[in-house]
Amino acid sequence: MASREEWESFFLLFFPHPLKMSLPCVRVLPTMWSTDPTPRKSTRLVILGGGFCGTSIAQRLDSNNSYEITLIDENSYFEYTPALPKLLTDPEYLSDIIVPYSQFLDRTTILSEKITKVTPHFVETEERRVTFDYLVISTGIKYPIRLDNPRNVFPIKKAAQVIRWTDKIRSADHILIIGGGVIGTEVAGELTTKTPEKKVTLVHAHERLLERTPSFASHFAQSFLEAQGVTVHLGEKIIQQVNGQFLTDHPRTINADLAVWCAGIEHDPWFMEEFNNSIFTENGALRVNAHLQLVGHPHIYVGGDLTSIKEEKTAYNAKRHAKIIGTNLIRELRNTKLKEYTKHPTPLVISLGNRNGLFVFSPLTLPGSIPALLKWGIKKREMRKFSPRF
Numbered sequence: 017m018a019s020r021e022e023w024e025s026f027f028l029l030f031f032p033h034p035l036k037m038s039l040p041c042v043r044v045l046p047t048m049w050s051t052d053p054t055p056r057k058s059t060r061l062v063i064l065g066g067g068f069c070g071t072s073i074a075q076r077l078d079s080n081n082s083y084e085i086t087l088i089d090e091n092s093y094f095e096y097t098p099a100l101p102k103l104l105t106d107p108e109y110l111s112d113i114i115v116p117y118s119q120f121l122d123r124t125t126i127l128s129e130k131i132t133k134v135t136p137h138f139v140e141t142e143e144r145r146v147t148f149d150y151l152v153i154s155t156g157i158k159y160p161i162r163l164d165n166p167r168n169v170f171p172i173k174k175a176a177q178v179i180r181w182t183d184k185i186r187s188a189d190h191i192l193i194i195g196g197g198v199i200g201t202e203v204a205g206e207l208t209t210k211t212p213e214k215k216v217t218l219v220h221a222h223e224r225l226l227e228r229t230p231s232f233a234s235h236f237a238q239s240f241l242e243a244q245g246v247t248v249h250l251g252e253k254i255i256q257q258v259n260g261q262f263l264t265d266h267p268r269t270i271n272a273d274l275a276v277w278c279a280g281i282e283h284d285p286w287f288m289e290e291f292n293n294s295i296f297t298e299n300g301a302l303r304v305n306a307h308l309q310l311v312g313h314p315h316i317y318v319g320g321d322l323t324s325i326k327e328e329k330t331a332y333n334a335k336r337h338a339k340i341i342g343t344n345l346i347r348e349l350r351n352t353k354l355k356e357y358t359k360h361p362t363p364l365v366i367s368l369g370n371r372n373g374l375f376v377f378s379p380l381t382l383p384g385s386i387p388a389l390l391k392w393g394i395k396k397r398e399m400r401k402f403s404p405r406f
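Dropping the structure here:
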């Protein structure tokens with residue numbers, strides 16, 4: 017059973033005290049290769065990636081005058097990615113899960129640009145070079161589609177990406193879900209409860225859904241989905257697509273109008289080619305020490321899904337990384353001992369449509385409507401703290 021401290025840690029992370037906000041004010045950096053002659057008094061902090069980890073750090077340090085912060089992300093807004101499956105059937109839900117960075121970051125410079133290179137001393141985007149004293153890398157991971165023919169196959173990664181597929185989803189009669197982890201299971205739950213007239217098939221390479229959770233959670237999820245009409249094939253992989261026919265390794269042929277790819281992740285920090293290979297694990301993750309510093313580079317921190325830490329890649333853990341990194345960046349200024357990151361059991365709140373779900377905090381598994389309400393409440397609380405205070 018989880019200890020009292022672990023339970024408190026979980027709820028404090030998702031239900032923190034309201035943060036003090038101020039009106040937005042965005043500064044603009046000069047264009048590429050230009051030099052700012054103004055003497056610098058603040059420590060330059062660059063944050064790559066505006067997901068849960070990067071945004072949490074920027075928000076915490078935004079009012080700290082000792083840091084001059086630049087946040088670089090291709091988007092100009094934060095998006096609440098755990099709710100992306102809901103966009104499949106309700107594109108208008110988008111307004112509930114995105115918020116411009118400028119709305120809650122007062123002093124931070126926002127650069128909505130693509131990163132092209134990262135070195136130990138500067139970052140390059142398509143527009144400019146930005147030097148730093150400290151760097152936080154929290155760019156997340158990729159969801160590669162491992163099929164030679166990816167036509168009519170898309171991953172659940174970004175809101176804009178999902179929105180582009182809503183018309184095809186609406187017109188599809190048969191939707192295939194490839195992968196039965198957390199995302200695949202949630203996608204299946206969303207589709208089958210919101211569009212019961214559609215045929216939904218889920219193919220998962222492992223012998224049970226949600227294979228890293230207790231067996232009860234797996235069995236509940238499968239029973240729920242099958243009761244709603246979802247066809248579930250376990251222990252099979254989709255290996256090929258030919259003219260809308262998806263082939264498994266058993267073999268089995270599945271005729272589907274489109275497929276949602278939810279099978280596997282990939283660490284690919286390609287923009288760090290100038291670093292020594294010793295910073296990468298075999299699968300491309302970034303090696304970090306106990307303080308979440310990149311090995312061999314104490315002025316560079318890494319948080320979120322890109323780290324080599326063996327734990328669930330969740331928003332919950334990304335926020336825990338942010339808490340440690342934010343604390344250590346403050347301690348860097350004070351020249352005091354850095355705080356270490358400690359892994360804890362990872363809570364999962366899995367939705368199965370709007371009214372059912374699973375709360376998993378191993379070995380505890382709680383199914384039913386309470387987890388669904390909890391997931392809704394977490395989302396509301398998270399988004400509310402980004403509201404400006406007038």
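Numbering of the sequence shown is given in my numbering, commencing with residue 17 and proceeding in unit increments.
Beta carbons: idealized from backbone N, C-alpha and C, even for Gly.
Predicted, not measured: the structure shown is a model, and the values here were computed from it.
Cβ of residue i less than 9 Å from any chain C Cβ?
i: E356; result: Among the chains of the structure shown, chain C does not appear; only one protein chain is present.
Which of the three DSSP states is assigned to residue i in this structure?
i: G200; result: helix
i: D52; result: Residue placement at D52 is poorly supported in this model, since its pLDDT is 46, which falls under 50; the coordinates still yield a value, given next. Coil, per DSSP.
i: N311; result: According to the sequence displayed, residue 311 carries Val and not Asn. In the structure shown, V311 sits in coil (DSSP, three-state: anything other than H, G, I, E or B).
i: W392; result: helix
i: N293; result: helix
i: N372; result: coil
i: Y317; result: strand
i: K359; result: coil
i: F402; result: coil
i: I366; result: strand
i: H249; result: strand
i: I386; result: helix
i: A275; result: strand
i: Q75; result: helix
Look at the alpha carbon of residue i and the alpha carbon of residue j, and state the distance between them as a whole number of angstroms.
i: C41; j: T97; result: Model confidence at C41 stands at a pLDDT of 39, short of 50, so the residue's coordinates are unreliable; what they give is reported in the following sentence. If I take the Cα positions, the gap works out to 25 Å.
i: K396; j: I114; result: 12 Å
i: R408; j: S294; result: This structure gives no information on residue 408, because the portion of the chain shown stretches from 17 to 406.
i: R43; j: I153; result: Bear in mind that a pLDDT of 43 at R43, under 50, signals an unreliable position, so the model cannot answer this.
i: L151; j: N168; result: 38 Å
i: N305; j: G260; result: 46 Å
i: E227; j: S234; result: 7 Å
i: K215; j: P107; result: 20 Å
i: G156; j: P361; result: 21 Å
i: T182; j: P136; result: 41 Å
i: V203; j: S72; result: 27 Å
i: I340; j: V248; result: 40 Å
i: P314; j: H307; result: 9 Å
i: L218; j: S239; result: 13 Å
i: F296; j: N351; result: 28 Å
i: H190; j: H337; result: 40 Å
i: T124; j: E290; result: 27 Å
i: L103; j: F138; result: 37 Å
i: I199; j: K174; result: 13 Å
i: E95; j: L77; result: 20 Å
i: K210; j: P383; result: 19 Å
i: V178; j: G195; result: 17 Å
i: F327; j: T229; result: It should be pointed out that residue 327 corresponds to Glu in this sequence rather than to Phe. Taking the straight line from one Cα to the other gives about 12 Å.
i: D284; j: R145; result: 21 Å
i: L389; j: G197; result: 21 Å
i: Y317; j: G342; result: 10 Å
For residue i, count the other beta carbons within 10 Å of its own beta carbon; 16 or more makes it buried, fewer makes it exposed. Which is it?
i: E398; result: buried
i: V258; result: exposed
i: R186; result: exposed
i: P407; result: In the structure as shown, the chain begins at 17 and stops at 406. Residue 407 is therefore absent and cannot be evaluated.
i: T86; result: buried
i: S367; result: buried
i: N271; result: exposed
i: E298; result: exposed
i: G393; result: exposed
i: N372; result: buried
i: A243; result: exposed
i: H220; result: buried
i: A275; result: buried
i: P212; result: exposed
i: D164; result: exposed
i: T358; result: exposed
i: E434; result: The structure shown does not extend to residue 434, since the chain spans only 17 to 406, so no value can be given for it.
i: E356; result: exposed
For my contact list, residue i and residue j are in at a C-beta cut-off of 8 Å; report their separation, rounded to the angstrom.
i: I126; j: T141; result: Not really, about 12 Å apart at Cβ, beyond 8 Å.
i: D149; j: T264; result: 52 Å between Cβ atoms; not a contact.
i: L322; j: L354; result: In fact, because the Cβ distance is near 20 Å, the residues do not count as touching under 8 Å.
i: A237; j: L250; result: Their Cβ separation, rounded to whole angstroms, is 12 Å, which puts A237 and L250 out of contact at 8 Å.
i: S118; j: N91; result: Contact doesn't hold; Cβ gap of about 12 Å is too wide.
i: F287; j: K133; result: 6 Å
i: F68; j: K335; result: 5 Å
For residue i, is the beta carbon positioned less than 8 Å from some heavy atom of the ligand GTP?
i: R76; result: The ligand GTP is not part of this structure, which contains no ligands at all.
**Item:** Sufficient close CB pairs (3 or more, under 8 Å) joining the segment 152-162 to the segment 276-283
**Value:** With a cut-off of 8 Å on Cβ pairs, the segment 152-162 is in contact with the segment 276-283, counting three or more such pairs.
**Message:** With three or more beta-carbon pairs closer than 8 Å as the criterion, would you say the segment 335-352 touches the segment 373-380?
**Reply:** They do not touch, by the three-pair rule.
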